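*Asks:* Can you read through this structure? Questions will come right after.
Residue numbers (our numbering): 2 to 149.
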């Protein structure tokens, strides 16, 4: 490999690592927010949906909305790094470091045929949707508190 292809490969590797880091951070944030939501929910129920727990329900709504926005942002960053890595893959192919592999398209098509429904569902919508459900749960708790 030449010096220029080594540099491109290192740059490609950096983008792939940043992509993984974005996904790891999104996962960690989601876990933290779900634990906080569970703890706040337990406190609301322990206090028997007393009026003083309305602020906790509102906090759950805020946590859910923050989580949805953060999950969307982590997806944006991951997509940026994936796009950059794909561009660098094309550069590596042009430099002759990677040989074009027509089998990749064949295996990709076979995968999509094996999972026609699931392959159309974007994973980031599931993560963002989870946080929106948390926000909706907070709204439901607030309604219960206000109706008592």
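Positions of the beta carbon are idealized from the N, C-alpha and C atoms, including for glycine.
In this text, all values refer to a predicted model and were calculated from it rather than measured experimentally.
So which of 32, 41 and 95 has the shortest CA-CA distance to residue 10?
*Replies:* What you label residue 10 is simply residue 9 of the chain shown in a count that begins at 1. Ranking 32, 41 and 95 by Cα distance to residue 10 puts 95 first.
*Asks:* For residue 132 and residue 66, what's the separation of their Cα atoms in angstroms?
*Replies:* Here residue 132 is taken as the residue at index 131 of the chain shown, counted from 1. Here residue 66 is taken as the residue at index 65 of the chain shown, counted from 1. Their Cα atoms are separated by approximately 7 Å.
*Asks:* Can you give the Cα-Cα distance for residue 55 and residue 119, rounded to whole angstroms?
*Replies:* Looking up residue 55 in the chain shown gives position 54. Looking up residue 119 in the chain shown gives position 118. Computed Cα separation, rounded: 38 Å.
*Asks:* On the three-state DSSP scale, how would you describe residue 3?
*Replies:* To locate residue 3, count along the chain shown from 1; it is residue 2. In this structure, residue 3 counts as coil in the three-state DSSP scheme.
*Asks:* Check residue 116 in the structure and name its three-state DSSP category.
*Replies:* Stepping through the chain shown from its first residue, residue 116 is reached at position 115. Here residue 116 sits in coil by DSSP.
*Asks:* Within the continuous alpha helix (DSSP H) that includes residue 92, where are the two ends?
*Replies:* Working through the chain shown from its first residue, we reach residue 92 at position 91. Its alpha helix (DSSP H) spans residues 55-95.
*Asks:* So residue 72 and residue 112 are supposed to be a Cβ contact under 8 Å. How far apart are they, rounded?
*Replies:* Start at 1 with the first residue of the chain shown, and residue 72 comes out as number 71. Start at 1 with the first residue of the chain shown, and residue 112 comes out as number 111. The pair is not a contact, with the Cβ atoms about 25 Å apart (cut-off 8 Å).
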